[in-house]
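For reference, each letter of the sequence shown is one residue, going -29 to -1, 1 to 743 in mature numbering (1 follows the signal peptide of the UniProt record, and there is no 0). Heads up, the beta-carbon is just placed ideally off N, CA and C, and yes, glycines get one too. One structure below.
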Amino acid sequence: MFQVVSMRQFHFYLLFLPLFLFIPNTCELEQAQTQVLLQLRDYLEHPSSLQIWKNYYYDLCSVPSSAYMSIKCEDNAVTELKIMGDKSVKASSSRFNGFAVPNQTLSVNFSIDSFFTTVTRLTRLKVLSLVSLGLWGPLPEKIHRLSLLEVLDLSSNFLFGAIPPKMCKMVKLHTLALDGNYFNATVPDWFDSLSNLSMLSLKSNHLKGSFPSSLCKIKSLEVISLSHNELSGELPSLSTLTGLHVLDLRENHLDSELPLLPKAVVTVLLSNNSFSGEIPKQFGELNQLQHLDLSSNHLSGVPLSALFSLPKISYLNLASNVLGGSLVEKLRCGGKLGFVDISGNKLHGELPSCLANTTDSRVVRYGGNCLSVDSQTQRRGSYCKESSSVWKKFKAWEIAAAVAIIGLVLVILVFGVFFCKKCHLRKTTGEVVLPKVVLVQDNSTTGVSSEILANARLISQAVKLGTQTTPTCRQISIEELKEATQNFDMSTYIGAGSTGKLFKGKLQNGSYVMIRSLFLSKRCSIQNLKSRLDLLSKLQHPNLVSLLGHCIDVGQDNYSNHKLHLIYEYVPNGNYRTYLSEFSTAKALKWSDRLAILIGVAKAVHFLHTGVIPGCFNNQLKTKNILLDEHRFPKLSDYGMSIITEEIEKFEAKGGKPKSCQRTKVEDDVYSFGFILLESLVGPIASDKGETFFLNEKASFDSQDGRRKIVDPVVLTTCSQESLSIAISITTKCISPDSSSRPSFEDVLWNLQYAAQVQATADADHKTDSPS
């Protein structure tokens, strides 16, 4: 039964036994790694990008790489794992952690804690990329166990909560990307622990707080992307980041002056914040700068001439600020400058030749300024300071001397008047002359009730409640209004607006006005109404019809015939809808003109939503309420009437409870604006038939043949297909029946501006291709 082993054989086994003991069990190691990968596939619910694993069950390290999946191994261990899914499509919504998010997540059985526990078993990982896989939940702290990780990309998932603090221990990280998630805590300030970090991208989340100053200590940083979050406060100097190439902080709430930047920076995107002050002169020394976007801020002063001539600058966007003064006559443009946008500012004077006489490869937008040009609609009237064109003729020292002399004269006059009044008072016999008694006494020192001051504040630095920067709503006598309208004669009657009757009047100073007249309840509080009128008058925006004053006309028969007259600036060129009618082809607007009008209105509505807290909604958004001046510059009328009507109507409601200014939401204004967009695309039939028309014809937008049948021929013959597609896409989103899936007005405005930019480029290309 037993085999006899000779002494020689026994010695042979003893000699080679140590060798057998030290041979690594490679099959077991490969099997363990394989099991981890297969378990991860199960957690991810078998995405299509991992179907190929079935063919390489026993050797996953040899699976060929693709754009959706990649595995790399060293010494039978996984060192790189990249998987991309298709679960980032914004579809119907559910809610996670208070946010409405699409139903593209993994199922309710998914456990993010178990998933990352399994991931950390791949202890040799250096690269981990799990993109658009539907991962949801708070990111577990145990991810820091991947201590060798150099690249971590978890973009386009549904992770929420805070970024785990223990990630500061992942000191080998040089790339961290968490874009397109739902992180909603304060942005961390421990990044300086990641001393090897070269790329940080946290864009498109809901991160709050200030810009993390710890980033300024990381010398290796090349890319900082924190755009589309909710960061606020000051942006510190970034000049110490000598290797920084890309800075993207768009769509936040940063409100400091612009900081100093490192000289090596290539791309700077700071649009849609609240940066103020002048553009630092140091920006004109950024010789590597190629792409600069400072649009939609509150920047002032004269634009730096050096920006236009930077050797590598190709894209320069300074639009929608309050930049003023005039550009130097001999402005020099860099040879690579292909796109310039200085529109929507307060620039005056002539347009320099390098911007006016553009080459075929350069697009320049300069509308919405006060420039002395005929092309690209300019603003006129009160928006543009008439004195600006006079001062430019003088030298700087002459202007300074004139200002000093005028200031001295004003000081002397003020003291003179004060001294005369004081002497006059001493000579009086004690008689006190009271001013004429007015109908309403307002005890608020600011003209605004304490209730409104407690619940509302203007965001704009130039318009703040309780200050003297914006005057209270001017009171105009009924006698002056009767004279202005020939006692409200029918010849001055314009029509009926959404609220009240409209008249055209001419005031004593010769200016034309529009007067809205409506009845008041006899129980209406005149004092509260006046406070609300003051609030409404402070809603100042270039694309809003300005409220100039008011008149409260009290009837004589026991206060039963109160009337309120609201006096607005007169906008002479009709409403937007008349330019869309099939009967007005002679003055029909081409597509680029319609986009310019839509962008102006979108800016106005966005201001109404965000320029005062709580926001002003239910703004009667219709093409009939978009008025055009002599330069076809759009101004929205009938806005904010809920501020007034809630005071007028509150006693008519049962229980005497006032209606809220916010009885509708942002999404409702977006929905109404969607029909303005639709009408701009297809004509007035869109508003005549409303939602029924949209539902019946929605499919027509999906094909070229369908568009030819439904889209206005004027639009079809003057638009680029790409620009049209962008507009159609945002229109259908605005009119979505699901209010939670409608875009924000920031998104609407961005898409319209993008469509306009695409159209401008197409127009420039078309001009190039046309025979000379």
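Query, Result
"Does the beta-carbon of Pro471 have 16 or more other beta-carbons within 10 angstroms, so that it is buried, or is it exposed?", "Looking at the sequence shown, residue 471 is not Pro but Gly. Under this definition Gly471 is a buried residue."
"Using alpha carbons as the reference points, say which of Ile615, Arg336, Met612, Ile523 lies closest to Thr732.", "Arg336"
"Who pairs with Glu45 in a beta bridge, going by DSSP?", "Ala48"
"DSSP three-state label for Lys680, please.", "helix"
"Spell out a yes or no on whether the segment 30 to 38 and the segment 73 to 89 are touching, meaning 3 or more CB-CB pairs, one atom from each, closer than 8 Å.", "no"
"Would DSSP call Asp13 helix, strand or coil?", "helix"
"Between the segment 97 to 105 and the segment 50 to 59, are three or more C-beta pairs nearer than 8 Å?", "yes"
"Going residue by residue through the segment 469 to 542, where are the continuous alpha helix (DSSP H) segments of at least 4 residues, counting only ones entirely within it?", "497 to 508"
"In this structure, does DSSP put Asp219 in helix, strand or coil?", "strand"
"Return the bridge partner residues of Ala148 from the DSSP annotation.", "Asp124, Ser172"
"Kindly indicate which residue of Phe131, Asp163, Tyr153 has the alpha-carbon position closest to the one of residue 762.", "Only positions -29 to 743 of the chain appear in this structure, which leaves residue 762 out of reach."
"Could you pull the start and end residues of the beta strand (DSSP E) that Arg336 belongs to?", "334 to 336"
"Return the CA-CA distance between Ser346 and Arg603, expressed in angstroms with no decimal places.", "12 Å"
"Between the beta-carbon of residue 777 and the beta-carbon of Leu120, is there less than 8 Å?", "Missing from the structure shown is residue 777; the chain here goes from -29 to 743 and no further."
"Give me the DSSP bridge partner(s) of Thr238.", "Val217, His262"
"Just to confirm my understanding: we take Lys595, look at its own chain, exclude 5 residues before and 5 after, and list those with CB closer than 7 Å. What are they?", "Asn546, Arg548"
"What residue range does the alpha helix (DSSP H) around Ser563 cover?", "562 to 581"
"If you draw a straight line from the alpha carbon of Gln446 to that of Gly520, how long is it in whole angstroms?", "6 Å"
"Pull up the distance between the alpha-carbon of Leu167 and that of Val142, whole angstroms please.", "According to the sequence provided, residue 167 is Asn. The question's Leu does not apply to it. Going by the C-alpha atoms only, they are around 7 Å apart."
"When the Cα atoms are used, what is the spatial distance from Gly571 to Leu77?", "41 Å"
"Let me make sure I understand the geometry here. Which of Leu537, Cys187, Val525 has the alpha-carbon closest to that of Asp505?", "Leu537"
"Hey, out of Ile597, Leu560, Thr702, Gln591, whose CA is closest to Thr689's CA?", "Leu560"
"Look at the alpha carbon of Arg503 and the alpha carbon of Ser651, and state the distance between them as a whole number of angstroms.", "33 Å"
"Measure the C-alpha to C-alpha separation of Met40 and Asn26 and round it to an integer number of angstroms.", "14 Å"
"Measure the CB-CB distance between Thr581 and Leu648 and report whether it falls below 8 Å.", "no"
"Would you please state the rounded distance, in angstroms, between the beta carbons of Phe672 and Ile699? I believe it to be under 8 Å.", "5 Å"
"Do Ser198 and Leu240 come within 8 Å of each other at the CB atom, strictly closer than that value?", "yes"
"Could you please give the first and the last residue of the uninterrupted alpha helix (DSSP H) stretch that includes Leu449?", "The sequence given here places Ile at residue 449; Leu does not occur at that position. Element bounds for Ile449: 449 to 455."
"Cβ of Leu220 within 8 Å of Cβ of Asn244?", "yes"
"Using the three-state DSSP reduction, which class does Ile701 fall into: helix, strand or coil?", "helix"
"Could you compute how far the alpha carbon of Ser118 sits from the alpha carbon of Tyr153?", "25 Å"
"Checking the sheet assignment: what are the DSSP bridge partners for Phe154?", "Gly132"
"Could you give the first and the last residue of the continuous alpha helix (DSSP H) run that contains Leu278?", "276 to 279"
"Along the chain, where does the beta strand (DSSP E) that runs through Val311 open and close?", "310 to 312"
"Buried or exposed for Tyr610, please, with buried defined as at least 16 other CB atoms from any protein chain shown within 10 angstroms of its CB.", "buried"
"Can you tell me which of the three DSSP states Gly645 falls into?", "helix"
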